[in-house]
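Quick notes on the structure that follows.
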Ligand SMILES: Nc1ncnc2c1ncn2[C@@H]1O[C@H](COP(=O)(O)OP(=O)(O)OP(=O)(O)O)[C@@H](O)[C@H]1O
Ligand SMILES: [Mg+2]
């Protein structure tokens, strides 16, 4: 278990003091894949680097498996770091050493005997599917292959934790997908806890169980990934969720709302699981005689579960609409009444963006 | 053949051979000694700099100042300034071996600067990766910084060697032998033009050869893959 308690980190820059981390607390459980997302400069990397003390916090406590990292002496800290692998955006491989020697290096530093190193490197290169590249030098590898070597190297000393700082940010979407699959295998097959820092919401959606959203040195929102996607609270979180589920009513549909003569409401329906694809609209028409018009609809897979978001215009008597809303909310999706004026604002934002 | 050489260059062939050996001896020995001194200086400059992994203001400022001072003295002046030290170490102020003292102290800071910038060119991420593996400072130097800087270090050593050849020519002033001395004694003082040209040709071949060798080694280290 990783526990960060009230972490504060300040940097002195030419523009004065900079609060890179401001009283950040976080708990990451054994065996989970935890995501940290935020815009550039939010403090994600600094926070990640506090876990293995590449960055020493000015204040607060770092506990890894109940060991107070800040109290460790140099030798003990080095030993602890060997059990915490790290993967980087720029790979940080040694260009002058072969793939084999790159992966062997952490073990050589730790004084592992040669025959054991050989066996372990072969296993690891097999695991990342690069056995045929053992004698190649990193400049000859593609980005995805380099990151595979980076991951194999990080696993060399049998770590319990893997820290990934933008591990896929330098890769194309397809390669990103394959690296994420590899990280998932690392997590499932070896039970390694993985902490992923990223600014890409699809990385969070695909592999993370829980996520923390960072902004200006603070964690502004935290929780199960599915919950955060379904019910984002903070504006920054909503912006990140929109990179996957762009739940804004398209501008050309707005006149339909304005021109409607009868009583109307706009509902946002959120549902999780296979019920996301239930025929809810025809049910509403049959049971309550309500006419509905779809303004936005999306069904997305989030960490292996289905998330449905539906925005509809509902037309009918106010009392009927209210009854219908109650009935839907009881056993169906989460229903939320939307302010039509705010919808228009959202569109303004969308056009500007 | 021997007679022909004596007649044409006005010098015993053995003296030519001796000059070549003296030059090689001075360049070789000063290069080895200078590099041995330069590596710790370069490493100190890199580790102690304000954003280095062992930032140490006083150590850095002192080392930096020393290197700058040493680098601002022309070799011919350094040679004279160091005479008392040379006598203390070698027992005499003149001769080929005596010249090694100023040559070494001339070339060490020069190479140290070049090594320093070669090491600073290693991406910062390499050091981060090393630290994340729990590498000690010594391991970072030994297994990460120096090997990754190798191609640039080879080129720096080449530049240093060429600079040394230039300096050894001046060492003739304090009675050291070598190709430079030959040119001074026979070429300049005795107006032996053929010998002058011979030394010029020999020096050009020396320098060209060393530069080509250095380039080839650096290229091999860089794209070994
Ligand atoms: N060593 C340092 N010295 C001074 N300022 C720093 C240092 N490291 C980070 N910072 C500053 O701290 C803030 C947080 O940096 P950090 O690298 O943690 O952000 P990030 O969320 O990882 O951003 P990015 O997505 O761009 O990597 C930034 O404003 C950055 O400029
Ligand atoms: Mg970062």
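Chains as they are written, first to last, in the numbering used here: chain G, 29 to 381; chain W, 100 to 324. Glycine residues also receive a C-beta, built at the ideal position from the N, C-alpha and C atoms. This one's a predicted model, so the numbers in the text were calculated from it and none came from an experiment.
C-beta contact flag for residue i and residue j at 8 Å
| i | j | result |
| --- | --- | --- |
| residue 133 of chain W | residue 259 of chain W | yes |
| residue 317 of chain G | residue 327 of chain G | no |
| residue 250 of chain W | residue 317 of chain W | yes |
| residue 458 of chain G | residue 275 of chain G | This structure cannot speak to residue 458 of chain G, because chain G is shown only from 29 to 381. |
| residue 278 of chain W | residue 301 of chain W | yes |
| residue 149 of chain G | residue 138 of chain G | no |
| residue 223 of chain G | residue 65 of chain G | no |
| residue 235 of chain G | residue 211 of chain G | yes |
| residue 120 of chain W | residue 267 of chain W | no |
| residue 300 of chain G | residue 258 of chain G | yes |
| residue 129 of chain W | residue 263 of chain W | yes |
| residue 215 of chain W | residue 144 of chain W | yes |
| residue 182 of chain G | residue 114 of chain G | yes |
| residue 63 of chain G | residue 334 of chain G | no |
| residue 213 of chain W | residue 255 of chain W | yes |
| residue 172 of chain G | residue 207 of chain G | yes |
| residue 296 of chain G | residue 366 of chain G | yes |
| residue 82 of chain G | residue 231 of chain W | yes |
| residue 152 of chain G | residue 106 of chain G | no |
| residue 247 of chain W | residue 272 of chain W | no |
Residue i to residue j span [Cα, whole Å]
| i | j | result |
| --- | --- | --- |
| residue 245 of chain W | residue 302 of chain G | 58 Å |
| residue 345 of chain G | residue 292 of chain G | 8 Å |
| residue 226 of chain W | residue 156 of chain W | 20 Å |
| residue 108 of chain G | residue 135 of chain G | 14 Å |
| residue 405 of chain W | residue 148 of chain W | Since the first residue of chain W shown is 100 and the last is 324, residue 405 of chain W is not available in this structure. |
| residue 179 of chain W | residue 201 of chain W | 9 Å |
| residue 233 of chain G | residue 330 of chain G | 5 Å |
| residue 67 of chain G | residue 190 of chain G | 22 Å |
| residue 198 of chain G | residue 243 of chain G | 22 Å |
| residue 177 of chain G | residue 170 of chain G | 11 Å |
| residue 382 of chain G | residue 144 of chain G | Nothing about residue 382 of chain G can be reported from this structure: the residues present for chain G run from 29 to 381 only. |
| residue 164 of chain G | residue 126 of chain G | 5 Å |
| residue 203 of chain W | residue 99 of chain G | 46 Å |
| residue 225 of chain G | residue 196 of chain G | 10 Å |
| residue 308 of chain W | residue 295 of chain W | 20 Å |
| residue 257 of chain W | residue 103 of chain W | 36 Å |
| residue 191 of chain W | residue 209 of chain W | 25 Å |
| residue 34 of chain G | residue 51 of chain G | 4 Å |
| residue 189 of chain W | residue 142 of chain W | 28 Å |
| residue 289 of chain W | residue 163 of chain W | 44 Å |
| residue 181 of chain W | residue 313 of chain W | 30 Å |
| residue 361 of chain G | residue 150 of chain W | 55 Å |
| residue 278 of chain G | residue 202 of chain G | 29 Å |
| residue 130 of chain G | residue 121 of chain G | 7 Å |
| residue 322 of chain W | residue 253 of chain W | 14 Å |
| residue 78 of chain G | residue 160 of chain G | 36 Å |
| residue 42 of chain G | residue 187 of chain G | 38 Å |
| residue 29 of chain G | residue 165 of chain W | 50 Å |
| residue 154 of chain W | residue 160 of chain W | 11 Å |
| residue 168 of chain W | residue 281 of chain W | 31 Å |
| residue 355 of chain G | residue 306 of chain G | 15 Å |
| residue 196 of chain W | residue 147 of chain G | 53 Å |
| residue 174 of chain W | residue 270 of chain W | 9 Å |
| residue 381 of chain G | residue 286 of chain G | The predicted position of residue 381 of chain G is uncertain, since its pLDDT is 36 and thus under 50; a value taken from the coordinates is nonetheless stated next. If you take the alpha carbons of residue 381 of chain G and residue 286 of chain G, they lie about 23 Å apart. |
| residue 363 of chain G | residue 247 of chain G | 28 Å |
| residue 60 of chain G | residue 215 of chain G | 8 Å |
| residue 70 of chain G | residue 45 of chain G | 15 Å |
| residue 193 of chain W | residue 102 of chain G | 51 Å |
Anticipated Cβ contact below 8 Å, residue i with residue j, distance rounded
| i | j | result |
| --- | --- | --- |
| residue 87 of chain G | residue 36 of chain G | 4 Å |
| residue 249 of chain G | residue 262 of chain G | 5 Å |
| residue 211 of chain W | residue 137 of chain W | 4 Å |
| residue 75 of chain G | residue 91 of chain G | About 15 Å separates the two Cβ atoms, so there is no contact after all. |
8 Å Cβ cut-off: residues of chain B touching residue i
| i | result |
| --- | --- |
| residue 246 of chain W | Chain labels in this structure do not include chain B; the protein chains are G and W. |
Tell me which residues of the segment 164 to 178 of chain G have at least one Cβ-Cβ distance to chain W shorter than 7 Å, keeping chain order. 164, 165, 167 and 168
Quick check on the contact list: which residues have their beta carbon closer than 6 Å to a heavy atom of ligand 1? G:39, G:41, G:46, G:48, G:66, G:68, G:69, G:70, G:71, G:72, G:73, G:74 and G:227
What residues in the segment 117 to 128 of chain G bring their beta carbon closer than 9 Å to a beta carbon of chain W? 117, 118, 119, 120, 121, 122, 123, 124, 125 and 126
Quick one, which residues of the segment 93 to 119 of chain G are near chain W if we go by CB-CB under 7 Å, in chain order? 106, 107, 109, 110, 114, 116 and 118
What are the residues of the segment 80 to 91 of chain G that lie near chain W, defined by any Cβ-Cβ distance shorter than 7 Å? 80 and 82
Contacting positions in the segment 208 to 239 of chain G - beta carbon closer than 9 Å to chain W: none
Residues in the segment 183 to 203 of chain G with C-beta within 7 Å of chain W's C-beta atoms, listed in sequence order? none
Would you list, in chain order, the members of the segment 137 to 156 of chain G that have their beta-carbon closer than 9 Å to a beta-carbon of chain W? 137 and 138
Taking Cβ-Cβ distances below 7 Å as the criterion, which residues of the segment 201 to 215 of chain W are in contact with chain G? none
Got a sec: which bits of the segment 226 to 239 of chain W sit with their beta carbon under 7 Å from any beta carbon on chain G, in order along the chain? 227, 228, 230, 231, 232, 233, 234, 235 and 238
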